[in-house]
Amino acid sequence: MLSKVVIMAGSFEPKHTTSKLTSDDIIRFNSTMLEATRSILERRARTLYTIHLLRMQFYLGDESIFIGQTVANTIATQKVASVEFTILTKVRKNCTNNDLLTYGRQFMSFFDSCPNTFGCLARLRLENLRLGESDFPKIFSICKQLEFLFLYECDMGIKSLLEVEHPQLSELVIASGCLERVHLKWAPKLTILKFNVFRTKDDPFCLGYVPLLQTVSIINTAFSWHKMLKLSELLGKTAISNLHLNFKSEKIWVKPEGRRQLLPVFHKLRIVNLLNISEECDLSWTMFLLQGAPNLKELRVLGSGGRCVHLASRRTKDYSGNRLQPT
0 MLSKVVIMAG SFEPKHTTSK LTSDDIIRFN STMLEATRSI LERRARTLYT IHLLRMQFYL
60 GDESIFIGQT VANTIATQKV ASVEFTILTK VRKNCTNNDL LTYGRQFMSF FDSCPNTFGC
120 LARLRLENLR LGESDFPKIF SICKQLEFLF LYECDMGIKS LLEVEHPQLS ELVIASGCLE
180 RVHLKWAPKL TILKFNVFRT KDDPFCLGYV PLLQTVSIIN TAFSWHKMLK LSELLGKTAI
240 SNLHLNFKSE KIWVKPEGRR QLLPVFHKLR IVNLLNISEE CDLSWTMFLL QGAPNLKELR
300 VLGSGGRCVH LASRRTKDYS GNRLQPT
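This is the structure:
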């Protein structure tokens with residue numbers, strides 16, 4: 000019997016179309032999704048085999064509730080190990096404020112109608128939602144099994160603060176949005192944190208209790224009003240092993256610091272990727288990282304023109320004892 004069930008809304012969309020989706024399109028796609036979901040899951044109702052992965056991708060709409068209720072019934076009557084939702088919006092890019100507010104209200108209506116479903120999710124991808132101040136705390140409270148959360152253009156308004164407290168969350172991805180800061184207040188199992196584009200003038204996140212954090216990835220195009228980030232302050236009392244910074248071939252937004260400042264947060268650092276560094280930036284700019292990371296095993300530097308330099312294991316006496324290898 001099927002051990003993985005993957006049902007994607009994109010499978011029912013016409014190929015090679017450039018026209019915008021209409022409300023009728025969303026109803027049609029979700030109705031087809033609902034029919035397929037019921038057909039597949041109800042057919043398995045009498046089997047004793049476990050569904051190891053139930054992955055669903057569908058559009059936010061009135062029909063979402065029926066999809067959620069079908070999944071809830073499956074979870075209640077069958078063995079399901081992991082459930083993943085990707086919830087799409089009709090407008091995917093360049094949403095207006097009204098779009099974000101409308102999608103936010105639609106999502107919370109869906110969420111409130113299917114608490115048992117969301118309470119069993121392991122992975123959740125959301126996009127284009129402007130929620131109320133109490134909505135994210137409610138989401139984190141109900142989604143107790145959540146291990147992975149992806150938020151694209153999701154916030155509570157311009158310059159809003161997102162506080163994260165969750166016992167199971169191991170990976171958090173924040174992409175765009177108008178959040179002033181994300182405060183990871185208490186996330187004891189968080190190992191991966193990714194920020195893809197931030198608009199705040201200050202530090203994009205604040206780290207509280209995240210004892211298992213290993214990987215931090217930041218992608219951003221810096222503007223004149225962006226603050227130069229100090230990694231020693233941003234990473235706080237953590238001791239990460241992997242750091243990935245992508246500068247999008249624009250100005251550098253990380254301020255060089257001395258060994259004394261960086262050693263407390265970089266003493267366990269093993270792998271560093273510095274991607275799309277502007278051609279105006281001299282390679283010597285990266286040396287401050289080597290000074291503060293005595294156990295660094297690999298440093299990959301990719302310039303905007305595709306030039307790549309790889310620093311490998313300790314051989315010669317430069318700042319950290321690393322050997323320079325062009326690749």
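Under numbering that gives the first Met the number 0, the residues of the sequence shown are numbered 0 to 326, in order.
Glycine residues also receive a C-beta, built at the ideal position from the N, C-alpha and C atoms.
Euclidean distance between Cα positions of residue i and residue j
{"i": "His15", "j": "Asp24", "result": "With a pLDDT of 48 at His15, under the threshold of 50, the predicted position of this residue should be treated as unreliable, though the coordinate-derived value follows. His15 and Asp24: Cα-Cα distance of roughly 15 Å."}
{"i": "Ile141", "j": "Leu288", "result": "41 Å"}
{"i": "Glu249", "j": "Thr199", "result": "17 Å"}
{"i": "Leu130", "j": "Asn294", "result": "43 Å"}
{"i": "Gly207", "j": "Phe110", "result": "28 Å"}
{"i": "Val70", "j": "His266", "result": "46 Å"}
{"i": "Thr220", "j": "Asn93", "result": "17 Å"}
{"i": "Asp98", "j": "Phe57", "result": "18 Å"}
{"i": "Glu256", "j": "Ser231", "result": "8 Å"}
{"i": "Trp185", "j": "Leu87", "result": "28 Å"}
{"i": "His165", "j": "Thr190", "result": "13 Å"}
{"i": "Lys226", "j": "Thr116", "result": "41 Å"}
{"i": "Arg42", "j": "Ser2", "result": "13 Å"}
{"i": "Pro114", "j": "Trp224", "result": "41 Å"}
{"i": "Leu20", "j": "Ser159", "result": "30 Å"}
Residue i, DSSP secondary structure in three states
{"i": "Gln260", "result": "helix"}
{"i": "Ile157", "result": "coil"}
{"i": "Val70", "result": "helix"}
{"i": "Lys137", "result": "helix"}
{"i": "Phe194", "result": "strand"}
{"i": "Asn348", "result": "For residue 348 there is no data in the structure shown, the boundaries of the chain being 0 and 326."}
{"i": "Asn96", "result": "helix"}
{"i": "Leu268", "result": "coil"}
{"i": "Leu40", "result": "helix"}
{"i": "Gln56", "result": "strand"}
{"i": "Arg91", "result": "coil"}
{"i": "Ala75", "result": "helix"}
{"i": "Tyr102", "result": "helix"}
Whole-Å CB distance - residue i paired with residue j, under 8 Å assumed
{"i": "Leu261", "j": "Gly291", "result": "3 Å"}
{"i": "Glu162", "j": "Ala121", "result": "With 8 Å as the limit, Glu162 and Ala121 do not qualify as a contact, their Cβ atoms being about 22 Å apart."}
{"i": "Phe194", "j": "Pro203", "result": "5 Å"}
{"i": "Asn275", "j": "Lys247", "result": "5 Å"}
{"i": "Ser112", "j": "Glu62", "result": "That pair is no contact at about 12 Å."}
{"i": "Phe106", "j": "Leu59", "result": "6 Å"}
{"i": "Val253", "j": "Leu228", "result": "5 Å"}
{"i": "Ser175", "j": "Glu152", "result": "5 Å"}
{"i": "Ile26", "j": "Val4", "result": "With 8 Å as the limit, Ile26 and Val4 do not qualify as a contact, their Cβ atoms being about 23 Å apart."}
{"i": "Ser283", "j": "Ser303", "result": "Their Cβ separation, rounded to whole angstroms, is 17 Å, which puts Ser283 and Ser303 out of contact at 8 Å."}
{"i": "Ile239", "j": "Cys280", "result": "Their Cβ separation, rounded to whole angstroms, is 23 Å, which puts Ile239 and Cys280 out of contact at 8 Å."}
Residue environment, residue i, which counts as buried when at least 16 other CB atoms sit within 10 Å
{"i": "Lys89", "result": "buried"}
{"i": "Thr101", "result": "buried"}
{"i": "Glu34", "result": "exposed"}
{"i": "Ile157", "result": "exposed"}
{"i": "Glu179", "result": "buried"}
{"i": "Phe222", "result": "exposed"}
{"i": "Asn127", "result": "buried"}
{"i": "Leu47", "result": "exposed"}
{"i": "Gly103", "result": "buried"}
{"i": "Asp201", "result": "exposed"}
{"i": "Gly67", "result": "buried"}
{"i": "Val300", "result": "buried"}
{"i": "Val82", "result": "buried"}
Residue-level contact to chain B via CB, residue i, 8 Å cutoff
{"i": "Phe106", "result": "Although the question refers to chain B, the structure presented lacks it and comprises just one protein chain."}
Cβ-based neighbour list, residue i, same chain, cut-off 6 Å, excluding 5 preceding and 5 following
{"i": "Leu192", "result": "Leu171 and Val215"}
{"i": "Ile270", "result": "Asn241 and Glu297"}
{"i": "Phe149", "result": "Arg124 and Val172"}
{"i": "Thr85", "result": "Gln56 and Arg124"}
{"i": "Asn245", "result": "Ile218, Leu274 and Asn275"}
{"i": "Leu183", "result": "Val163, Leu206, Gly207 and Val209"}
{"i": "Met155", "result": "Leu130 and Glu132"}
Beta-carbon proximity list for residue i, same chain, < 8 Å, skipping 5 on both sides
{"i": "Val79", "result": "Thr49, Ile50, Leu53, Thr73 and Cys119"}
{"i": "Tyr144", "result": "The sequence given here has Gln at residue 144, not Tyr. For Gln144, where only same-chain residues beyond five positions count, the Cβ hits under 8 Å are Gly118, Cys119, Leu120, Ala121 and Gln167."}
{"i": "Thr36", "result": "Ile6, Met55, Ile66, Thr69 and Val70"}
{"i": "Asn96", "result": "Arg129"}
Beta-carbon contacts of residue i that lie in its chain and below 7 Å, excluding the five residues immediately before and after
{"i": "Thr237", "result": "Leu206, Val209, Leu212 and Val264"}
{"i": "Leu233", "result": "Asp202"}
{"i": "Phe65", "result": "Leu33"}
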